Amino acid sequence: MKRVMGAALCALLAGGIAHANAETKLTIATVNNGDMIRMQKLTDDFTSKNPDISLEWVTLEENTLRQRVTTDIATKGGQYDVMTIGTYEVPIWAEKGWLAPLDKLGSDYDVDDIMPAIRSAVSKDDALYAAPFYGESSMMMYRKDLFDAAGIKIDGRLTWDQTLEIAKKLHKPDEGVYGICLRGKAGWGENMALITTMGNAYGARLFDEKWNPTFDSAEWKAALDMYTNILGNYGPPGATSNGFNENLSLFNSGKCGMWIDATVAASFVTNPKESKVADKVGFTEAPCAATCTGANWLWAWNLGIPMGSQKVEAAQKFIAWATSKNYLELVASKEGWANVPPGTRMSLYQNPKYLEAAPFADETLLAIDSADPINSTMQPKPYVGVQFAAIPEFQGIGTTVGQQFSAALAGQMTVDQALAAAQSGTDRTMRKAGYY
């Protein structure tokens, strides 16, 4: 009897020890952008403080990431414990009950330090449903040495017409320099992020007040004419394959006279470890046209937890670590203050060490502060969002329209044909969804 009890006790103790040492594995889906790659290299700091939690990374190209996480959360697939999602998805998914509220990030997390525009985009009823890892708007990065050599001086905010003339002067493909680099890769978060802000600048909008699509307007015609002209004639060959990462590589290798894209790129193009032109880069606002309203986008990559996850406590610990002020200090200690994830915390832009190290800080803050998701078009609109419409249907609409606009850039259809296809396809989607 004693021997049986002893064996049972040993088994119980062994089970208890095994349970105490049990490891919680978090599977994290993220985008293959530089700041996320850097975070993966620094996670020893997290796991050393949380030895009971291990991390498995699924790192994907931007369009693929969006498809995978959307499918997984909509079908309750449960593949991921932490998802990298944008300001488009968060309010829609929170409304559907697909995201767990982040209510245990720790007493020292300081939610009030998150920039108001970014915080409101990831909140519902004052509760965070994702935590911003970095925030961004868009701006122009340009080669000061090439501008000086061509006698070009920037006096105030450029228009797209002025940008076109500069691109013509800088375009010297025989010397390996293209006048301008822009997103050409199809996708609602790739080429459409840029083209929609161009549309805003020309006075266009995605939908009128009654949710009718407006791609058949003169404003959209002017915007797409400019896009296909400037990138098709003065950009790199094969531009339809270039998204953020491809253009970053081109710029850092000295092949772009100008590049209009995410403000988060600034730390990479000025990093001498990554950029051949690090000491030659200038920054200014994204171009205007008929208006400057909505001419630069607003975005954040955020970390969220799918509702129904069995690992919410561990996931919140990781999110708190990755999006905290302490994480910024960690990156600064390893990579320098210029390379910390930007655009989420107000305290960063009050930090003299950062302001001294980051020549792009003021332009980044100006761009983010000027991007208004509510008032981003000249004419009234029914949707929230600068470069997207925060409705479930937009992901499909933006993907399809992005493909049509990419085809126009490639010369596979005319601008008029691309706009007509965008109009009819979007009208069909909105009618089917019951908007009118």
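Each residue of the sequence shown is one higher than the last, beginning at -3 in this note's numbering. Just so you know, even glycine gets a beta-carbon here, dropped at the ideal spot from N, CA and C. In this text, all values refer to a predicted model and were calculated from it rather than measured experimentally.
Taking just the CA atoms, how far does residue j sit from residue i?
i: residue 233; j: residue 406; result: 10 Å
i: residue 176; j: residue 402; result: 17 Å
i: residue 148; j: residue 134; result: 22 Å
i: residue 17; j: residue 421; result: Annotation note: pLDDT 48 at residue 17 (below 50); position unreliable, no value reported.
i: residue 80; j: residue 54; result: 10 Å
i: residue 170; j: residue 314; result: 49 Å
i: residue 86; j: residue 24; result: 17 Å
i: residue 216; j: residue 260; result: 27 Å
i: residue 209; j: residue 162; result: 33 Å
i: residue 461; j: residue 358; result: With the chain covering only -3 through 432, there is no way to say anything about residue 461.
i: residue 377; j: residue 60; result: 30 Å
i: residue 241; j: residue 355; result: 21 Å
i: residue 371; j: residue 382; result: 8 Å
i: residue 226; j: residue 168; result: 14 Å
i: residue 213; j: residue 142; result: 36 Å
i: residue 165; j: residue 146; result: 7 Å
i: residue 328; j: residue 375; result: 43 Å
i: residue 360; j: residue 316; result: 24 Å
Apply the 10 Å Cβ neighbour rule to residue i and answer buried if 16 or more other Cβ atoms are within range, or exposed otherwise.
i: residue 29; result: buried
i: residue 237; result: exposed
i: residue 257; result: buried
i: residue 151; result: exposed
i: residue 335; result: buried
i: residue 12; result: In this predicted model, residue 12 has a pLDDT of only 45, less than 50, meaning its place in the structure is not dependable enough to derive any value.
i: residue 115; result: buried
i: residue 419; result: buried
i: residue 400; result: buried
i: residue 71; result: exposed
i: residue 52; result: exposed
i: residue 229; result: exposed
i: residue 330; result: exposed
i: residue 181; result: buried
Does at least one heavy atom of the ligand MN sit under 7 Å from the Cβ of residue i?
i: residue 186; result: Ligands displayed in this structure: none; no statement on the ligand MN is therefore possible.
So residue i and residue j are supposed to be a Cβ contact under 8 Å. How far apart are they, rounded?
i: residue 95; j: residue 302; result: 7 Å
i: residue 111; j: residue 287; result: Contact doesn't hold; Cβ gap of about 24 Å is too wide.
i: residue 106; j: residue 349; result: 18 Å between Cβ atoms; not a contact.
Can you name, in chain order, every residue of its own chain whose Cβ lies under 6 Å from the Cβ of residue i, other than the five neighbours on each side?
i: residue 384; result: 84, 390
i: residue 431; result: 207
i: residue 404; result: 224, 411, 414
i: residue 222; result: 156
i: residue 416; result: none
i: residue 324; result: 336
i: residue 250; result: 272, 273
By Cβ distance, which residues of its chain are closer than 8 Å to residue i, with the 5 residues on each side in sequence left out?
i: residue 285; result: 155, 156, 157, 194, 197, 198, 199, 218, 219, 222, 291
i: residue 296; result: 82, 83, 114, 117, 118, 128, 129, 130, 131, 132, 339, 340
i: residue 19; result: 48, 49, 50
i: residue 40; result: none
i: residue 342; result: 109, 110, 111
Using a Cβ-Cβ cutoff of less than 7 Å, which residues in the same chain neighbour residue i once the five nearest sequence positions on both sides are dropped?
i: residue 427; result: none
Practice item. Indicate whether the contact test is met: 3 or more Cβ pairs, each with one atom in the stretch 192 to 209 and one in the stretch 260 to 270, closer than 8 Å. Key: no
Point to revise | the stretch 393 to 412 touching the stretch 293 to 312, judged by at least three CB pairs closer than 8 Å | key: no
Practice item. Taking 8 Å as the threshold, find out whether the stretch 359 to 379 comes into contact with the stretch 282 to 297 through three or more Cβ pairs. Key: yes
Exercise for review: Determine, using beta-carbon pairs with one atom in the stretch 52 to 70 and one in the stretch 277 to 288, whether at least three such pairs fall under 8 Å.
Suggested key: no
Review point. Does the stretch 202 to 216 touch the stretch 268 to 275, meaning 3 or more C-beta pairs lie closer than 8 Å?
Key: no
Check your understanding: Counting Cβ pairs closer than 8 Å, one from the stretch 166 to 184 and one from the stretch 241 to 257, do we hit at least three?
Key -> yes
Review point. How about the stretch 96 to 109 and the stretch 120 to 132: do they share at least three Cβ pairs that are nearer than 8 Å?
Key: yes
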